[in-house]
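Trainee: Have a look at this one before I ask anything.
2 protein chains.
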Amino acid sequence: MTLTLHAYWRSSASYRVRIALNLKGLSYAIVPINLLREGGDHRRQEYLARNPQGLVPTLEVDGVPLTQSLAILEWLEEEHPLPPLLPRDPICRAQVRSFALAIACEVSPLCNLMVREYLDRVLKLDTAQQQAWHTHWIARGLAACEAMVAGGTGPFCFGEAPTIADCVLVPQLYNARRFGIDLAPFPTLLRSEAAMLALPAVQRAAPEAQPDAA
Amino acid sequence: MTLTLHAYWRSSASYRVRIALNLKGLSYAIVPINLLREGGDHRRQEYLARNPQGLVPTLEVDGVPLTQSLAILEWLEEEHPLPPLLPRDPICRAQVRSFALAIACEVSPLCNLMVREYLDRVLKLDTAQQQAWHTHWIARGLAACEAMVAGGTGPFCFGEAPTIADCVLVPQLYNARRFGIDLAPFPTLLRSEAAMLALPAVQRAAPEAQPDAA
């Protein structure tokens, strides 16, 4: 099985998939998609044929393009079940997925490049307004996530092994720091992140470790 | 197993879960959560203890709260596999999930009540600017979804049986009409919606069929 990941080094969704691929111990080629280049690689017809949303990442599996990071993580879990990134108990699986979706639905999409461009170019918000927007949604989302895992025994979000919740959390905290968000109110999230960042597989997935890192 | 759905009649995410529960033939009680009441039922401490994001729906399973509609749909699929709402082939499953996530991540969260309140009260956008915002994200998202299923043989999004893609599509098209979006460019989506709306289980999930419909 040949895996090719079309990704951008600093994209949160790309980072999620890299973490999961590395934790599963899978080999893959990376095709950098430069979102910031004039015109944008993601807007080219060749890329849109693989990913009609024009988003990263796309994982090609023997040439078949899979899109949406959480759908890719579920596919990985089904096809490469070891080590598992979801617990076995159905209620626990739902809780892990809910945590991941709370970030993937209500935080990331409100602060991604498409939205930033709209706030800047269409609504012409000033820098302070744009910062307030990002701070609002990121801090609100992380507060809900902290509540979802506070009281857990750790070290990861949901116990002693990484799950897709951790795969989504690490890129979101990386992103939050870019926006200068105060992370002190989220000690459980920071503990999980520290446990993840201690893993070589996660370190190799870091944005700065990618071939297209600028 | 006792199922209690905390939901708001016109919420897209609540509507998704009602459709899936009905297609699975499951019985459940409904607890209306009035998002528009002064203060908002979803902001009360009692509700936040179940759903830290303060969003609807929450599905209580023997008293254990499950949140995030797509996590609930996955739980339903695992615990009540018949009739299936995901195909068997792993690649096809990924494609169905990707379609559902394209709506659940990049359309719904940009147009939900929390964002509408921010656009109105914080950014003080006028009516035309707010409408332009919603039209932009909904039309863009639906165009990508149309591309993801165009060429399929139907009648549903991914073949001859409903999947979670259809469970997410129907509420999104209902929502798009509220915002006056022109749906003519999306014939494949409209075909899938028509197939869904012909099913009594889907009809019973309609917003207007709910006890709290205003």
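Sequence lines, in order, name chains U and V.
Per the working numbering, the first sequence starts with residue 123, numbered consecutively.
Per the working numbering, the second sequence starts with residue 123, numbered consecutively.
Note that beta-carbon positions come from the ideal geometry of N, C-alpha and C, so glycine has one too.
Taking the alpha-carbon of GLU239/V as reference, which of HIS258/U, LEU247/U, ARG238/U, GLN253/U has the nearest alpha-carbon?
Mentor: Taking only the C-alpha atoms, the option nearest GLU239/V is HIS258/U.
Trainee: Here's a check: name, in chain order, each residue in its chain whose Cβ is nearer than 8 angstroms to the Cβ of ARG215/V, leaving out the five neighbours to either side.
Mentor: Correct list, in chain order: LEU208, PRO209.
Trainee: On the three-state DSSP scale, how would you describe LEU158/U?
Mentor: Here LEU158/U sits in coil by DSSP.
Trainee: If you draw a straight line from the C-alpha of LEU145/U to the C-alpha of ALA323/U, how long is it?
Mentor: Near 6 angstroms, if we compare the C-alpha coordinates of ALA323/U and LEU145/U.
Trainee: What are the start and end residues of the alpha helix (DSSP H) that includes VAL271/U?
Mentor: First-last of the alpha helix (DSSP H) with VAL271/U: 249–271.
Trainee: Would you say MET123/U faces chain V, with C-beta separation under 8 angstroms as the test?
Mentor: Not an interface residue.
Trainee: If you follow the beta strand (DSSP E) that THR189/V is in, where does it begin and where does it stop?
Mentor: First-last of the beta strand (DSSP E) with THR189/V: 186–189.
Trainee: Quick one, which of LEU192/V, VAL237/V, HIS164/V has its alpha-carbon nearest ALA135/V's?
Mentor: If we check each option's Cα against that of ALA135/V, LEU192/V comes out closest.
Trainee: By the criterion of Cβ-Cβ separation under 7 angstroms, what are the contact partners of GLU228/V in chain U?
Mentor: Near GLU228/V (Cβ distances below 7 angstroms), the residues of chain U are GLN175, PRO231.
Trainee: Give the residues of chain U in contact with THR189/V, contact being defined as C-beta atoms less than 7 angstroms apart.
Mentor: Within chain U, the residues near THR189/V are SER220.
Trainee: Would you please verify whether the beta carbon of PRO307/U is less than 8 angstroms from any beta carbon of chain V?
Mentor: Answer no: the Cβ-Cβ gap between PRO307/U and chain V never drops below 8 angstroms.
Trainee: To which residues of the same chain is GLY364/U closer than 6 angstroms at the C-beta, ignoring the five residues directly before and after it?
Mentor: This structure leaves residue 364/U out entirely; chain U is present only between 123 and 336.
Trainee: Could you please tell me which residues of the segment 248–266 of chain U, in chain order, have their CB closer than 9 angstroms to any CB of chain V?
Mentor: Of all residues in the segment 248–266 of chain U, GLN251, ALA254, TRP255, HIS258, TRP259, ARG262, GLY263, ALA265, ALA266 have a Cβ within less than 9 angstroms of some Cβ in chain V.
Trainee: Tell me whether the beta-carbon of ILE155/V lies closer than 8 angstroms to the beta-carbon of TYR130/V.
Mentor: Yes. Within cutoff.
Trainee: DSSP three-state label for HIS128/V, please.
Mentor: Strand at HIS128/V.
Trainee: Taking THR310/U as part of the alpha helix (DSSP H), name the residues at either end of that continuous run.
Mentor: Residues 309–319.
Trainee: Does TYR240/U come within less than 8 angstroms of chain V when only Cβ atoms are used?
Mentor: Answer yes: the Cβ-Cβ gap between TYR240/U and chain V drops below 8 angstroms somewhere.
Trainee: Judging by CA-CA distance, which residue of ALA328/V, TYR296/V, ALA316/V is the nearest neighbour of CYS279/V?
Mentor: Answer by Cα proximity: ALA316/V.
Trainee: Below 7 angstroms CB to CB, which residues in the same chain sit around THR124/U once its five sequence neighbours on both sides are set aside?
Mentor: Only ASP184 meet the Cβ criterion.
Trainee: Kindly indicate which three-state DSSP category LEU170/V falls into: helix, strand or coil?
Mentor: Three-state result, LEU170/V: helix.
Trainee: Return the bridge partner residues of VAL152/V from the DSSP annotation.
Mentor: Reading the sequence as shown, one finds Ile at residue 152/V and not Val. Looking at the DSSP assignment, ILE152/V forms a beta bridge with LEU127/V.
Trainee: Among CYS267/U, LYS246/U, THR310/U, which has the Cα closest to the Cα of GLY274/U?
Mentor: The candidate whose alpha carbon is nearest that of GLY274/U is THR310/U.
Trainee: Which class does PHE221/V belong to by DSSP, given the choice of helix, strand or coil?
Mentor: PHE221/V falls in the helix class under three-state DSSP.
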